[in-house]
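Going letter by letter, the sequence shown gives residues 46 to 296 in my numbering.
Report on the structure given below.
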Amino acid sequence: MPEEAGVTRAEPALPRISVIIPMRNEEGNVAPLIAEIANALEGEAHEIIAVNDGSTDETGTVLANLRGTYPQLRVLHHAENRGQSAAIRDGARLAHGEILCTLDGDGQNNPAFLPAMIRLLESDPAVALVQGQRVGRTDTGFKKLQSKIANKVRGAMLKDGTRDSGCGLKVMRRAAYLRLPYFDALHRFTPALMVRDGHKIAHLDVLDRPRGSGVSNYASWARAKVALGDLIGVWWLVRRRKPDTPTREET
46 MPEEAGVTRA
56 EPALPRISVI
66 IPMRNEEGNV
76 APLIAEIANA
86 LEGEAHEIIA
96 VNDGSTDETG
106 TVLANLRGTY
116 PQLRVLHHAE
126 NRGQSAAIRD
136 GARLAHGEIL
146 CTLDGDGQNN
156 PAFLPAMIRL
166 LESDPAVALV
176 QGQRVGRTDT
186 GFKKLQSKIA
196 NKVRGAMLKD
206 GTRDSGCGLK
216 VMRRAAYLRL
226 PYFDALHRFT
236 PALMVRDGHK
246 IAHLDVLDRP
256 RGSGVSNYAS
266 WARAKVALGD
276 LIGVWWLVRR
286 RKPDTPTREE
296 T
């Protein structure tokens with residue numbers, strides 16, 4: 046139907062919340078997770094950005110089929126596996142919302158906690174990040190041991206007040222996140238770097254769940270060795286931070 050002369054059609058409002066999900070070989074977890082996110086944020090102007098990070102299973106096909114059911118779903122594809130931090134960064138760059146929510150694609154992070162985390166972020170303009178902290182961990186003993194050691198060492202060196210920086214559930218201000226220095230393990234050190242930039246962070250305990258299906262893509266001592274190098278680098282960045290100096294333009 047042609048538009049009436051002189052009538053300006055309003056553009057659809059952009060979402061204020063963008064949910065970013067890195068996914069690698071999660072074909073069995075995709076549909077239930079997208080449904081849970083849509084349900085948790087019902088009534089909110091939101092978009093869901095699923096980043097298919099070089100999957101070799103049917104993750105991409107399942108995501109494509111879901112777009113007809115969920116108009117707020119956007120799908121990005123990496124031709125090869127680039128890692129969780131790269132997936133989150135690419136999603137954040139293309140996001141429309143001023144608030145970013147992240148969670149893992151394996152179903153262990155419950156989207157039901159997102160509304161409470163968003164409210165916590167919005168309750169204080171100085172807070173740039175709400176970090177989920179898992180309780181009732183359902184991972185294998187090996188992964189829990191890795192996480193316990195990593196968090197103790199990281200906390201002692203970075204002193205950001207975060208017990209569980211590896212939890213994928215995060216809600217943050219997009220502008221603050223995009224100003225952080227980017228590197229391959231940024232998602233594990235986001236709290237420390239937010240503090241480094243002078244932002245406040247808040248924490249919320251979240252219940253961990255068993256993986257929906259499939260197997261973990263990240264569980265080895267080789268990863269721990271790489272993480273130690275990243276930790277030393279972030280420790281250096283935090284120590285080298287110079288406070289911002291107020292400036293004034295002469296008129």
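We treat Cβ as the ideally placed atom computed from N, Cα and C, and that holds for glycine.
Measuring straight from C-alpha to C-alpha, what distance separates Ala-267 and Gly-257?
By one-based count along the sequence shown, residue 267 stands at place 222. By one-based count along the sequence shown, residue 257 stands at place 212. For Ala-267, the pLDDT reaches just 48, beneath the cut-off of 50, and the residue's location in the model is therefore unreliable, although a value from the coordinates is still provided. Ala-267 and Gly-257 have their C-alpha atoms roughly 25 Å apart.
Less than 6 Å between C-beta atoms, sequence neighbours within five positions excluded: which residues of the same chain meet that for Ile-163?
Residue numbering aside, residue 163 sits at position 118 when the sequence shown is read from its first letter. Counting only Cβ-Cβ distances below 6 Å, and skipping sequence neighbours, we find Val-216.
Assigned exposure category for Val-180 - 16 Cβ within 10 Å defines buried:
Here residue 180 refers to the residue found at position 135 of the sequence shown. Its Cβ having fewer than 16 others within 10 Å, Val-180 is exposed.
State yes or no: is the C-beta of Ala-95 within less than 8 Å of the C-beta of Leu-118?
Residue 95 sits at position 50 when you count from the first residue of the sequence shown. Residue 118 sits at position 73 when you count from the first residue of the sequence shown. Closer than 8 Å, so yes.
Nearest-angstrom Cα distance between Ser-100 and Leu-282?
Translated into positions along the sequence shown, residue 100 becomes position 55. Translated into positions along the sequence shown, residue 282 becomes position 237. If you take the alpha carbons of Ser-100 and Leu-282, they lie about 33 Å apart.
Out of Ala-132, Glu-81, Ile-62, which has the shortest C-alpha to C-alpha gap to Leu-231?
Position 186 of the sequence shown, counting from 1, holds the residue named residue 231. When only C-alpha atoms are compared, the closest one is Ala-132.
Could you please give me the residues that DSSP links to Asn-97 through a beta bridge?
Position 52 of the sequence shown holds residue 97. Under DSSP, the beta-bridge partners assigned to Asn-97 are Met-68, His-122.
Using CA atoms only, rank isn't needed, just tell me which of Ala-247, Glu-103, Pro-156 is closest to Asp-169.
Taking the first residue of the sequence shown as 1, we reach residue 169 at position 124. The residue with the shortest Cα to Cα distance from Asp-169 is Ala-247.
Using the three-state DSSP reduction, which class does Val-216 fall into: helix, strand or coil?
For the purposes of this step, residue 216 is taken as residue 171 along the sequence shown, with counting starting at 1. Three-state DSSP puts Val-216 in a strand.
What are the residues that DSSP puts in a beta bridge with Gln-178?
By 1-based counting over the sequence shown, the position of residue 178 is 133. Per DSSP, Asp-250.
What's the gap between the Cα of Gln-176 and the Cα of Thr-207?
Walking along the sequence shown from the start, residue 176 turns up at place 131. Walking along the sequence shown from the start, residue 207 turns up at place 162. When the Cα atoms are used, Gln-176 and Thr-207 turn out to be separated by approximately 8 Å.
Kindly identify the DSSP beta-bridge partner or partners of Lys-204.
Residue mapping note: residue 204 aligns to position 159 of the sequence shown, counting from 1. The partner list for Lys-204 (beta bridge, DSSP) is empty, contrary to what the question assumes.
Cut-off 7 Å between Cβ atoms - residues of its own chain near Asp-102, not counting five sequence neighbours on either side
For this step, residue 102 is matched to residue 57 along the sequence shown. Hits under 7 Å: Asn-70, Glu-72.
If we count the other Cβ atoms within 10 Å of its Cβ and call it buried at 16 or more, is Leu-139 buried or exposed?
Mapped onto the sequence shown, residue 139 falls at position 94. That one is exposed.
Cα-Cα separation between Gln-153 and Thr-147, rounded to whole angstroms:
Start at 1 with the first residue of the sequence shown, and residue 153 comes out as number 108. Start at 1 with the first residue of the sequence shown, and residue 147 comes out as number 102. In a straight line, the C-alpha of Gln-153 is about 12 Å away from that of Thr-147.
Is the beta carbon of Val-120 sitting closer than 8 Å to the one on Arg-112?
If you number the sequence shown from 1, residue 120 lands on position 75. If you number the sequence shown from 1, residue 112 lands on position 67. It is a contact, given that the beta carbons lie within the stated cut-off.
Across which residues does DSSP place Glu-92 in a beta bridge pair?
As a first step, residue 92 is located in the sequence shown; it is residue number 47 there, counting from the start. Answer is Ser-63, bridged to Glu-92.
Let me know the secondary structure DSSP gives Leu-145 once reduced to three states.
Your numbering for residue 145 matches position 100 in the sequence shown. Leu-145 falls in the strand class under three-state DSSP.
Proximity to Val-172 [Cα-Cα], best of Leu-78, Gly-278, Pro-236:
Residue mapping note: residue 172 aligns to position 127 of the sequence shown, counting from 1. Nearest of Leu-78, Gly-278, Pro-236 to Val-172, Cα basis: Pro-236.
Checking 8 Å against the spacing of the C-beta atoms, do Leu-159 and Arg-219 come in under that value?
Mapped onto the sequence shown, residue 159 falls at position 114. Mapped onto the sequence shown, residue 219 falls at position 174. It is not a contact, given that the beta carbons lie outside the stated cut-off.
Can you tell me where the alpha helix (DSSP H) holding Arg-241 begins and where it ends?
Working through the sequence shown from its first residue, we reach residue 241 at position 196. Element bounds for Arg-241: 231-241.
Cβ shell of Ile-82 (< 7 Å), same chain only, five flanking positions each side left out:
Counting from one through the sequence shown, the residue named residue 82 turns up at place 37. Same-chain partners within the cutoff: Val-64, Ile-93, Pro-156.
With the cut-off set at 8 Å, would you say Asn-110 and Met-68 are in Cβ contact?
Working through the sequence shown from its first residue, we reach residue 110 at position 65. Working through the sequence shown from its first residue, we reach residue 68 at position 23. 8 Å or more divides the Cβ of Asn-110 from the Cβ of Met-68.
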